[in-house]
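Numbering (my numbering), first residue to last: 78 to 248. Note sheet for the following structure.
Right, here's the structure in full:
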């Protein structure tokens, strides 16, 4: 079990719950959730854990942002998801956010496979993957894949939240 003061755990849980609710409903995580969570998390870390707590929170913020930034630039997640992972890092620290990302990626993959199985469309996915592999082999770059009418967007905030729960249980 993670060894964080209860106010930090409560803040992270509340921010993640609100972010998931927004993301499921509107497919976006607003700055009004992520920015105050990160700022309050850093302030609480300073009050409860001192200078080392602030340093670890700033490191967690930077690592959280950097971990999802490449995925965002490739169009895999929204900017709100990047900021949400950064906020988790600011509240819970560097080690926690790395584990949250790793476990969240696993959760996101399982969620995507489950959605694919429920909605169908496996042939389209395989065709798109085949195009990407051929493009990388020939051009050393990725090609743009056009979304199909059956394409869907998944709530990655939910995957981040599941990753955070897993990290809290594992650390």
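Each residue gets a CB set at the ideal place from its N, CA and C atoms; glycine is no exception. The structure presented is a predicted model; accordingly, all values stated were derived computationally and were not measured.
Answer yes or no: do residue i and residue j have a C-beta to C-beta separation smaller than 9 Å?
i	j	result
residue 144	residue 244	no
residue 107	residue 157	yes
residue 182	residue 132	no
residue 166	residue 177	yes
residue 96	residue 189	no
residue 104	residue 170	no
residue 236	residue 194	no
residue 216	residue 79	no
Have a look at the options and flag the residue whose alpha-carbon is nearest the alpha-carbon of residue i.
i	options	result
residue 110	147, 160, 153	160
residue 231	98, 146, 174	98
residue 238	212, 189, 93, 107	93
residue 81	101, 151, 172	172
residue 162	127, 102, 174	174
residue 125	168, 203, 155	168
residue 136	153, 148, 164, 152	164
residue 153	134, 127, 186	186
Consult DSSP for residue i and reduce its assignment to one of helix, strand or coil.
i	result
residue 231	coil
residue 174	helix
residue 151	coil
residue 105	coil
residue 82	coil
residue 140	helix
residue 93	helix
Open item on the list: Taking contact to mean 3 or more Cβ pairs, one atom from each stretch, closer than 8 Å, check whether the stretch 115–126 and the stretch 87–103 are in contact.
Closed with: For the pair of segments examined, the stretch 115–126 was found to touch the stretch 87–103: the number of CB pairs separated by less than 8 Å reaches three.
TODO: Please confirm if the stretch 199–214 is in contact with the stretch 130–147, defined as three or more CB-CB distances below 8 Å between the two stretches.
DONE: Not touching, per the Cβ criterion.
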